[in-house]
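In our numbering, each residue's number is its place in the sequence shown (first place is 1) plus 135.
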Amino acid sequence: MKRTEDQLIARARQLRARQEVDHRDELRTIRELADLGMTQRLIAEALCVTQQAVSYALKCPTPQPAQGFSGASPTEICQRYAAGLLSREPTLSRDDAIDELSRWDYTPLVYSDGYDWNGQSGSFIAEVVPACDNGLIDEDMYQAILDRIMLSELEIREFSEYQPELAVVRGDRGNDPDHPENVENETWETYGQSTGFRVFLRREPGKLVGLVETDNQTGKFTVTLKWPDGPTVFQDIQVSPGKPDRFDVDDPFPGLPSAISVHEFKQK
Numbered sequence: 136m137k138r139t140e141d142q143l144i145a146r147a148r149q150l151r152a153r154q155e156v157d158h159r160d161e162l163r164t165i166r167e168l169a170d171l172g173m174t175q176r177l178i179a180e181a182l183c184v185t186q187q188a189v190s191y192a193l194k195c196p197t198p199q200p201a202q203g204f205s206g207a208s209p210t211e212i213c214q215r216y217a218a219g220l221l222s223r224e225p226t227l228s229r230d231d232a233i234d235e236l237s238r239w240d241y242t243p244l245v246y247s248d249g250y251d252w253n254g255q256s257g258s259f260i261a262e263v264v265p266a267c268d269n270g271l272i273d274e275d276m277y278q279a280i281l282d283r284i285m286l287s288e289l290e291i292r293e294f295s296e297y298q299p300e301l302a303v304v305r306g307d308r309g310n311d312p313d314h315p316e317n318v319e320n321e322t323w324e325t326y327g328q329s330t331g332f333r334v335f336l337r338r339e340p341g342k343l344v345g346l347v348e349t350d351n352q353t354g355k356f357t358v359t360l361k362w363p364d365g366p367t368v369f370q371d372i373q374v375s376p377g378k379p380d381r382f383d384v385d386d387p388f389p390g391l392p393s394a395i396s397v398h399e400f401k402q403k
């Protein structure tokens with residue numbers, strides 16, 4: 136039976152991923168042999184390669200898989216999934232890949248010019264997004280990973296003046312969804328935004344006021360506010376699309392938080 140173009144492309148991607156994974160594992164194995172005390176000459180004889188090839192392999196920086204993960208980077212985990220090597224079981228485990236990629240400690244994202252994300256090495260954008268674009272994982276897996284992350288650090292953006300195009304003024308739309316025009320807009324000093332949540336903050340006498348809204352999450356979550364050289368405050372919220380939640384923090388540390396994160400609520 137003749138295979139389709141899409142089937143051939145998928146197969147070629149799998150074989151390419153397997154080549155890269157096999158090469159990386161070969162370098163690690165050669166390193167392990169050297170660590171056991173074998174000389175480069177003996178390794179070369181055992182592998183039927185030149186001593187120069189062994190010397191080159193030992194010079195290649197090839198970190199070991201991170202503790203509790205199948206690879207040294209999210210890219211390698213994606214490659215192992217695509218190559219069918221993530222699980223030791225005969226059947227490839229899709230859930231293993233999603234679990235590892237959602238637990239990885241990614242490099243926090245930063246803004247490059249106030250609007251766009253920097254895709255620096257180790258970030259979700261630099262590791263997982265290209266893996267999806269290149270067919271190592273599919274879009275359903277990509278979305279499942281995002282849903283599991285729930286979310287990493289939100290980027291804080293501070294504004295000194297009214298800039299509606301940057302959403303520093305928001306109405307509390309959850310109080311009167313049928314008649315949003317009846318809800319007075321509020322001015323916010325700063326906000327953090329990432330996939331799933333937006334957190335707005337402003338200082339008032341003796342307290343910090345916050346508003347959290349979402350386009351695609353439903354349930355109870357915990358907002359973590361971190362001040363530089365100061366305390367960390369936890370606030371539980373209940374949100375769903377179109378129904379934001381508000382919170383007040385009494386007598387907070389001076390100034391605004393330097394970092395905000397939103398995570399799934401866990402019963403204490």
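Note that beta-carbon positions come from the ideal geometry of N, C-alpha and C, so glycine has one too.
Check: Residue 150 and residue 213 closer than 8 Å at C-beta; Outcome: no
Check: Nearest-angstrom Cα separation, counted from residue 186 out to residue 404; Outcome: Residue 404 cannot be examined here, being either before or after the span of the chain that is shown, 136 to 403.
Check: Residues bridged to residue 345 [DSSP beta-bridge criterion]; Outcome: 336, 382
Check: Proximity below 8 Å, CB of residue 404 to CB of residue 326; Outcome: The structure shown does not extend to residue 404, since the chain is modelled only from 136 to 403, so the question has no answer here.
Check: Proximity to residue 386 [Cα-Cα], best of 354, 344, 355; Outcome: 344
Check: Buried versus exposed, by CB contacts within 10 Å (16 or more), residue 206; Outcome: buried
Check: Per-residue DSSP class, three states only, for residue 241; Outcome: coil
Check: Three CB pairs or more closer than 8 Å across the segment 139-146 and the segment 176-195; Outcome: no
Check: Burial state of residue 216, where buried means 16 or more other Cβ atoms lie within 10 Å; Outcome: buried
Check: Nearest-angstrom Cβ-Cβ length linking residue 156 and residue 218, presumed shorter than 8 Å; Outcome: 5 Å
Check: Check: residue 143 C-beta below 7 Å from any heavy atom of the ligand SAH; Outcome: Annotation note on the ligand SAH: not contained in the displayed structure, which lists no ligands.
Check: Collapsed DSSP secondary structure at residue 357 in the structure displayed; Outcome: strand
Check: Per-residue DSSP class, three states only, for residue 149; Outcome: helix
Check: Pairwise C-alpha distance: residue 230 and residue 392; Outcome: 36 Å
Check: Span of the alpha helix (DSSP H), counted from its first residue to its last, around residue 180; Outcome: 175-182
Check: Collapsed DSSP secondary structure at residue 296 in the structure displayed; Outcome: Below a pLDDT of 50, predicted positions are generally treated as unreliable, and residue 296, at 42, falls in that range; the measurement from the model is reported next regardless. Looking at residue 296 - three-state DSSP - the assignment turns out to be coil, as it is neither helix nor strand.
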